[in-house]
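The structure appears below as structure tokens.
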Amino acid sequence: MTRSIADVLAAARHGVERVHPDRLAEHQARGAWVVDLRTPWTRDTEGHLPGAIVVEPTVFLWRLDPQSPSRMADGPGYDDEVVVLCNEGYLSSLAARDLRELGFTRATDLDGGFRAWAASGHAVQAEPSRYVT
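Residue 20 in UniProt numbering sits at position 20 of the sequence shown, and the numbers go up by one each step.
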């Protein structure tokens, strides 16, 4: 059986409440972890979302997984809300799906990604709030 990436994306988003950029601050105020998976050249050009933790996409599952020996110190737990973001909300949907597969039951993503956040007039900063290698 073959599937298109559109099919895979639709399955990843099925039944998941994605976070609208106008509601992200509410989620952050309730303690949601916001994880930025964008490339360095995109982040450096377009800026950073305040309060987001930058994690390189090639290692983010290992940095967040509570069972990984490579986990970031003080990372989110399985019951914490994690909102993943990318440029436009495609990779982040797949990344949130992968987090749910690890047991992060409240993993979701930012609908429209960073670009929707910025286009909505929300604050953008020059430097990341936190960077995890």
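Virtual Cβ for every residue (Gly too), placed ideally from N, Cα, C.
Local Cβ density within 10 Å of residue i, reported as buried at 16 or more and exposed below that
i           : result
proline 76  : buried
alanine 52  : buried
arginine 30 : exposed
Element boundaries [beta strand (DSSP E), containing residue i]
i           : result
leucine 85  : 82-85
residue 135 : Any question about residue 135 goes unanswered here, given that the chain covers just 1 to 133.
alanine 107 : 107-109
valine 54   : 53-55
Simplified DSSP assignment, three categories, for residue i
i            : result
histidine 27 : helix
threonine 45 : helix
valine 8     : helix
arginine 130 : strand
Close Cβ partners of residue i (< 7 Å) along its chain, the five nearest in sequence each way excluded
i           : result
tyrosine 90 : Leu9
Cβ-Cβ separation, residue j to residue i (assumed contact under 8 Å), whole Å
i                : j            : result
valine 124       : histidine 48 : 7 Å
phenylalanine 60 : leucine 37   : 6 Å
Range of the contiguous alpha helix (DSSP H) that encloses residue i
i             : result
glutamate 101 : 91-102
alanine 119   : 113-119
Proximal residues to residue i (C-beta, below 6 Å), its chain only, five neighbours per side dropped
i         : result
serine 70 : Trp62
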